[in-house]
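Data block below; observations after.
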Amino acid sequence: MDFTYTVLILLLPFLSFILIGLLGTKLKPVTAGIIGTVVTGIAAALSYYTAFGYFGAGRDASGVYPTMIPWNTVWLPFSETLHIDLGVMLDPISVMMLVVISTVSLMVHIYSFGYMKGERGFQRYYAFLSLFTMSMMGLVVATNIFQMYLFWELVGVSSYLLIGFYYTKKEAVAASKKAFIVTRFADLGFLVGILFYGFYTGTFSFTPDAPALGAAKAILPIALGLMFVGGAGKSAMFPLHIWLPDAMEGPTPVSALIHAATMVVAGVYLVARMFPLFVEYAPDVLHLTAYVGAFTALYAAVVACVQSDIKRVLAFSTISQIGFMIVALGVCTSSDPHAGGLGYMASMFHLFTHAMFKALLFLCAGCIIHAVHSNEVSAMGGLRKYLPVTHATFLVACLAIAGIWPLSGFFSKDEIITACFEFSPFIGVTMTFIAGLTAFYMFRLYYGIFWGRENKALHAEHVPHEAPATMTVPLVFLAVVTLFAGWIPFGHFVSSDGQAYTIHINTTVAIVSLCVAAAGIALATWMYMREDRKVADGLATRFSGLHKAAYHRFYIDEIYQFITHRIIFACISSPIAWFDRHVVDGFMNGMAWVTEKTSWAIRYMQSGSVQRYCIWFLGGVLGLVILLLLI
Amino acid sequence: MNILSLFPAIPLLMMLGLWLSRNTKQIHAVMVTGSALLLALSLFLVFEYAGLRKAGVTDPMLFTDSVMWYRPLNIHYAVGVDGISVLMLLLSSIIVFTGTFASWQMKTDVKEFFMWFCLLSLGVFGFFISLDLFTMFMFYEVALIPMYLLIGVWGSGRKEYSAMKLTLMLMGGSALLLIGILGIYFGAGATTMNIMEIAGLHNIPLSLQRIWFPVVFIGFGVLGALFPFHTWSPDGHASAPTAVSMLHAGVLMKLGGYGCFRVAMFLLPDAAAELSWIFIILTAISVVYGAFSACVQTDLKYINAYSSVSHCGLVLFAILMINSTAATGAVLQMLSHGLMTALFFALIGMIYGRTHTRDIRQLSGLMKIMPFLSVCYVIAGLANLGLPGLSGFVAEMTIFNGAFMNDGIFYRVVTIIACTSIVITAVYILRVIGKILYGTCTNPEHLKLTDATWDEKLAVVVLICAIAVLGLAPLWASEMIHGSVTSIISHILN
Amino acid sequence: MIQMEYYLIVSTILMFVGIYGFITRRNLLAMLISVELILNSVDINFVVFNRFLFPEQLEGFFFTLFAIGISAAETAVAIAIIINIYRNMKNIQVKNLKNMKW
């Protein structure tokens with residue numbers, strides 16, 4: 002089957018970006034929106050078509066879906082073997098990602114019609130969305146690591162532009178800057194990793210030939226580790242996670258698309274992409290990522306339990322869930338799904354389901370914010386009667402993320418925990434605990450919004466109302482996907498060795514995790530469902546130190562603030578600038594000063610008095626005469 | 002007449018035309034015609050050159066010509082171009098063209114301003130086409146002198162001080178250069194001043210090379226903002242009028258990198274290979290140091306000047322790596338930095354022309370007031386911090402990859418140090434964008450300012466197009482440079 | 002017959018008197034006179050050397066005549082300048098004439 006048309010999936014959004022971007026305000030807002038949406042719709046249709054075509058074409062003789070490169074061109078050569086290519090690579094995970102990205106992107110495009118209605122810069126918004134869609138698609142279909150890096154930077158910039166969409170808002174500007182700089186810092190690691198990788202294996206391809214790999218054996222762990230730093234930055238792994246909660250300053254649909262479903266999982270995708278090399282040559286680094294992921298998941302889950310901003314809770318939950326995916330990849334010990342390689346499939350599965358239900362959660366949050374004009378849970382409460390559709394879909398998503406059968410989250414999370422137990426009971430227990438915590442904080446949020454104490458004063462002043470159809474249709478669509486995605490035989494499409502793998506539910510793990518989730522939900526119900534929250538408030542005062550620390554995200558941001566302002570700006574940049582102005586430049590000015598002073602000093606020799614010259618002249622003659630006489 | 006001789010000839014004719022013209026309209030007409038002609042000519046040259054290379058012509062220099070000028074010293078008017086100089090000519094003509102439009106609103110002594118401007122461009126064009134050391138040096142001087150007057154007369158702020166400082170430092174550099182050139186000439190047996198012939202002779206003893214290499218390298222390095230000889234750059238750029246800043250940062254600073262490569266490294270290859278490590282350290286310092294300094298500046302032009310120090314440091318850093326990939330990257334970086342920084346200075350000039358301040362603490366919320374200029378400023382900023390699809394990415398990635406190809410722990414360490422500049426660049430660029438463009442405007446005076454006029458738009462759009470073309474389709478430029486660079490590098494290595 | 006040395010002694014004395022006067026005097030006229038003395042001492046030397054060492058040749062005499070003529074012209078020019086300075090500045094003391102310095 003010919004897949005050359007897949008280039009269009011990249012090209013169309015790019016053209017749409019150029020078109021909307023160049024025409025700008027000359028275009029009517031609606032027209033810009035329609036162009037963007039239609040183009041994304043076409044891209045989504047093409048992605049589905051590709052997926053059907055690709056998986057429909059069947060496996061090759063060795064039982065795997067063949068990796069295809071329908072289109073590839075040299076973009077920038079460095080040497081004979083090293084060159085940045087731009088191309089399209091189709092393999093199970095890239096096709097899966099295409100489907101995820103285009104689906105969520107399309108939903109967000111439609112949703113934004115309602116959400117962004119009447120906003121200044123509507124056209125700009127759609128232009129950036131197109132840019133992001135293009136870059137993200139380019140990232141996942143990359144044929145080589147450098148193409149990935151290229152689009153990696155592009156998604157970073159689109160994210161920067163979209164977080165800073167409300168550019169007159171101080172927090173948004175600060176958040177966009179922070180997001181970009183933190184991920185840029187991580188990208189430095191990625192870049193250096195690529196440089197090592199390219200130099201020692203002699204190629205940027207994901208699959209170097211065996212001799213090159215043999216030669217690069219010693220350096221590969223370093224290279225892959227550095228690449229993971231880049232991935233950790235994008236995927237908000239501790240301690241590079243600080244940008245993600247702040248990134249919620251962007252418009253909510255953007256948070257759904259970029260900071261929940263697609264861009265933030267780029268790091269996971271990167272590790273998955275390099276997975277064969279990780280497993281083969283750097284298992285220790287891979288396991289290290291598991292510990293990083295587990296710690297992040299725990300940290301973020303704890304912080305999410307006490308946040309009061311609805312989007313912040315979701316942001317920390319995203320960080321936590323990405324932690325799950327990273328852990329799942331990290332606990333793999335081989336590429337055989339039956340013997341230690343289950344995590345790969347589990348991770349990709351969770352990526353897929355998480356993208357759907359997290360996008361749904363964010364879009365619901367958008368509806369709620371739309372209704373009450375505030376992000377704070379205190380402004381909500383008892384909204385279930387005002388927003389029935391949102392309520393239902395939000396509940397579906399909450400149940401999914403909590404891992405309740407038969408929603409999609411249950412299946413993927415179950416696989417992850419099974420994989421964790423295969424690796425080490427410690428990680429397994431930790432992840433099960435975090436899963437319970439997830440259920441708890443999600444339902445804390447759910448009850449805080451839809452039940453609990455209603456902010457009657459606010460709601461009387463401005464009656465909350467259900468969002469328009471452009472916003473609810475995507476919700477319903479995503480909720481339906483969330484309901485049924487778990488039944489997709491995911492292992493048949495994606496698995497670590499490419500062979501078909503049938504997902505078995507590990508009954509013990511499933512029952513335990515279900516119980517834990519149910520316990521979490523029950524606890525949240527007990528604490529937060531009623532109007533008065535004696536228990537919760539009591540706990541908060543009882544452990545006020547812990548509560549405060551968690552609320553301030555354990556002061557990680559403050560540490561960063563300290564490092565950047567006190568150390569980088571005050572202790573490096575300012576002294577350097579001072580040094581430059583006063584020492585280096587001072588030296589140059591000093592030379593000029595010395596020259597000038599010397600001139601002033603010796604200028605009296607040039608007195609203009611002929612008689613004095615005459616004395617010098619005579620003196621000179623006398624001196625010469627004496628010299629001659631002596632010689 | 003050789004096509005290359007047209008490059009210095011046109012500015013000369015433009016000067017004549019300016020001298021004859023009587024009002025601003027005529028002056029503008031002369032400038033636009035002349036600079037458009039130059040632009041067309043350089044584009045034509047690029048295609049012609051690419052065509053000849055495609056046809057399989059393998060001479061290192063094309064369109065060569067040589068006329069005896071002064072026999073006792075074997076000075077010729079010798080011209081010729083390879084891929085590097087062709088692109089440099091293109092860069093110069095783009096910047097002369099856009100600089101003309103950027104100074105469209107100039108009010109005082111327009112005629113004299115443009116005459117000096119033409120003289121400056123004459124020097125620049127002459128420099129890039131010359132193959133004779135002495136002629137090259139002469140054009141170099143021709144390019145330096147008008148700078149003094151252009152800054153001293155039409156500048157702003159502490160203009161006399163800056164003009165004097167810039168001129169003295171660059172003149173100091175060129176004094177070293179003259180000594181170095183004579184050293185090379187006599188060291189090579191005093192038979193020829195032609196660069197290609199001297200390189201062909203390859204007979205300068207190593208002991209002499211060791212003396213002349215640092216002399217020539219520093220001589221050109223001063224112009225290329227080599228640490229610690231870069232301090233003319235912030236003051237000079239801050240005081241210079243817009244078009245002069247553009248031409249100076251965009252083209253003149255490239256003379257330094259070009260000269261280092263073409264003269265210092267090419268003619269003194271053994272010493273270059275031996276002593277490069279010293280200068281690699283200096284340039285690595287330049288790269289990081291410039292970027293850090295830019296982080297805390299408050300004057301827009303100072304920020305950009307320090308950013309130029311950082312980026313031009315990268316150019317010198319790359320050529321010192323002595324491998325063809327890094328050198329290709331260096332030339333790409335010259336092109337890219339030339340365009341980007343010209344765009345930056347043009348925009349800063351336009352903002353300054355409206356707000357009368359360049360202090361970032363006094364500017365805010367410009368995005369709402371002048372959307373066109375602000376969007377272009379963001380694009381320039383993104384290009385500067387290496388956004389893929391714009392030229393900066395292409396150049397920097399080529400440099401880093403090239404630098405990484407040199408095996409050895411020393412090269413690894415300095416490359417990684419240089420790489421950190423991409424993060425610091427992001428810091429200072431975003432800081433400026435966040436401060437001056439975003440947020441709400443606090444100064445009521447600024448609220449009634451207007452957006453760009455057509456001439457400014459034209460200048461900015463041409464530059465952005467050039468940046469985007471180089472960034473989206475770098476293959477042609479990269480191949481063009483690579484072909485020429487390879488022969489030079491292989492000469493140095495043998 | 003007076004020996005050559007006596008003439009030379011006179012011219013040397015004249016020469017140094019002239020130099021001394023040129024250095025010490027602050028009046029332009031006095032300086033001019035001193036310069037004339039130096040010139041005259043040189044003239045005497047020319048004549049004397051011609052007369053005693055090369056009696057059959059006349060170059061020395063001719064040169065002396067030229068020198069006298071030129072010094073006369075030079076004196077005229079110098080006096081003209083001095084008079085002009087005096088008219089403009091009412092002063093011909095060297096130390097007071099600073100306007101053209103530096």
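Chains as they are written, first to last, in this note's numbering: chain A, 2 to 632; chain B, 2 to 495; chain C, 2 to 103. Ideal Cβ positions, reconstructed from N, Cα and C, are used throughout, including at glycine.
If the criterion is Cβ atoms closer than 7 Å, does the pair Asn407 (chain B) and Thr326 (chain B) meet it? It is not a contact, given that the beta carbons lie outside the stated cut-off.
Within 10 angstroms of its Cβ, does Trp477 (chain B) collect 16 or more other Cβ (buried), or is it exposed? So Trp477 (chain B) ends up on the exposed side.
Along chain B, which residues have their Cβ under 8 Å away from the Cβ of Trp406 (chain A)? Going along chain B, no residue has its Cβ under 8 Å from Trp406 (chain A), so there is no contact; the nearest lies around 44 Å.
Between the CA atoms of Leu151 (chain A) and Met137 (chain A) - distance to the nearest angstrom: Each residue's CA atom was taken as its position, placing Met137 (chain A) and Leu151 (chain A) some 11 Å apart.
So, is the C-beta of Ile93 (chain C) closer than 7 Å to a C-beta in chain A? It does not: the Cβ of Ile93 (chain C) has no partner Cβ on chain A nearer than 7 Å.
In or out: Leu315 (chain A) buried (at least 16 other Cβ within 10 Å) or exposed? Looking at its Cβ environment, which holds 16 or more other Cβ atoms inside 10 Å, Leu315 (chain A) is buried.
Can you tell me whether Pro30 (chain A) is helix, strand or coil according to DSSP? In the three-state DSSP reduction, Pro30 (chain A) falls in the helix class (H, G or I).
Simplified DSSP assignment, three categories, for Gln124 (chain A): It is helical.
Would you mind telling me which residues of chain B sit closer than 7 Å to Leu641 (chain A), beta carbon to beta carbon, in chain order? Here chain A comprises residues numbered 2 to 632, so residue 641 (chain A) is not present and cannot be evaluated.
Closer than 7 Å, CB to CB, is Arg94 (chain B) near chain A or not? The sequence shown places Ser at residue 94 (chain B), rather than the Arg named in the question. Output row for Ser94 (chain B): interface = no.
Got a sec? Which residues, its chain only, sit under 7 Å from Leu21 (chain B) by beta carbon, not counting five neighbours each side? Around Leu21 (chain B), the same chain offers no residue with a beta carbon nearer than 7 Å, after the five sequence neighbours per side are excluded.
What ranges does the alpha helix (DSSP H) occupy inside the segment 240-268 of chain A, keeping only unbroken runs of at least 4 residues that lie completely in it? Secondary structure remark: continuous alpha helix (DSSP H) runs of at least 4 residues inside the segment 240-268 of chain A, in chain order: 244-247, 253-257.
Cut-off 6 Å between Cβ atoms - residues of its own chain near Ala453 (chain B), not counting five sequence neighbours on either side: So the list reads Phe373, Leu374, once near-sequence residues are dropped.
Beta carbon proximity, Phe207 (chain A) to chain B, threshold 7 Å: Taking a beta-carbon distance threshold of 7 Å, Phe207 (chain A) does not count as an interface residue toward chain B.
To which residues of the same chain is Thr59 (chain B) closer than 8 Å at the C-beta, ignoring the five residues directly before and after it? Taking Thr59 (chain B) as the centre and dropping the five residues before and after it, the same chain places no C-beta closer than 8 Å to its C-beta.
Going by beta carbon distance, what residues of the same chain come within less than 6 Å of Gly260 (chain B), once the five residues before and after it are set aside? Contacts found: Phe221.
Residues that Ile627 (chain A) contacts on chain C, provided the C-beta gap is smaller than 8 Å: Result: empty, since nearest Cβ-Cβ is about 17 Å, beyond 8 Å.
Straight-line Cα distance separating Val75 (chain A) from Leu87 (chain A): As the crow flies, the alpha-carbon of Leu87 (chain A) is around 6 Å from that of Val75 (chain A).
Would you kindly work out how many angstroms separate the C-alpha atoms of Trp406 (chain A) and Phe412 (chain A), rounded to a whole number? As the crow flies, the alpha-carbon of Trp406 (chain A) is around 8 Å from that of Phe412 (chain A).
Quick one: does Ala578 (chain A) have its CB under 7 Å from some CB of chain B? Taking Cβ atoms only, chain B reaches closer than 7 Å to Ala578 (chain A), which makes this a yes.
In chain order, what residues of the same chain have a beta carbon less than 7 Å from the beta carbon of Tyr290 (chain B), not counting five sequence neighbours either side? Phe228, listed in sequence order.
Per-residue contacts from Phe67 (chain C) into chain A (C-beta, under 9 Å): None at all; the shortest Cβ gap to chain A is about 24 Å.
Let's test the definition: count the other Cβ atoms within 10 Å of the Cβ of Leu630 (chain A) and tell me whether it reaches 16, buried, or not, exposed. Exposed, by the Cβ-count rule.
Taking the continuous alpha helix (DSSP H) assigned at Met254 (chain B), which residues delimit it? Secondary structure note for Met254 (chain B): its alpha helix (DSSP H) is the uninterrupted segment 254-260.
Taking C-beta pairs closer than 7 Å, name the residues in chain C that Ser600 (chain A) reaches, listed in chain order. Per Cβ cutoff of 7 Å: no residues; Ser600 (chain A) is ~11 Å from chain C at best.
Alpha carbon to alpha carbon, what distance is there between Ser95 (chain A) and Lys255 (chain B)? Approximately 43 Å, taken between the alpha carbons.
CB contact check: Ile80 (chain C) to chain A, cutoff 7 Å: So no, Ile80 (chain C) is outside the interface.
Proximal residues, the segment 279-298 of chain B versus chain A, C-beta separation under 7 Å: Listed in sequence order: Tyr290, Phe293, Ser294, Cys296, Val297, Gln298.
Among A:Gly492, A:Ala393, A:Ile402, A:Phe424, the one whose alpha carbon lies nearest that of Ile450 (chain A): With distances taken between Cα atoms, Ile450 (chain A) lies closest to A:Ala393.
Comparing alpha-carbon positions, which option in B:Pro235, B:Arg263, B:Ile370 lies nearest Val217 (chain B)? Taking each of B:Pro235, B:Arg263, B:Ile370 in turn and checking the Cα distance to Val217 (chain B), the smallest one comes out for B:Arg263.
Below 7 Å between beta carbons: does that hold for Ile83 (chain C) and Ile93 (chain C)? Yes, Cβ-Cβ distance for Ile83 (chain C) and Ile93 (chain C) is below 7 Å.
In the DSSP assignment, find the unbroken alpha helix (DSSP H) run with Thr169 (chain A) in it and report its ends. For Thr169 (chain A), there is no enclosing alpha helix (DSSP H), as DSSP marks it with neither H nor E.
Under 7 Å between C-beta atoms, does Ala306 (chain B) make it to chain A? It does not: the Cβ of Ala306 (chain B) has no partner Cβ on chain A nearer than 7 Å.
Please confirm whether Ile182 (chain A) has its beta-carbon closer than 7 Å to some beta-carbon of chain C. Chain C contact via Cβ: absent.
Quick one: which residues of the segment 159-174 of chain A get their C-beta closer than 7 Å to a C-beta of chain B? List them in chain order. Result list: Gly165, Tyr168, Thr169, Lys171, Val174.
Which value, in whole angstroms, describes the spacing of the CA atoms of Ser608 (chain A) and Ile4 (chain B)? If you take the alpha carbons of Ser608 (chain A) and Ile4 (chain B), they lie about 56 Å apart.
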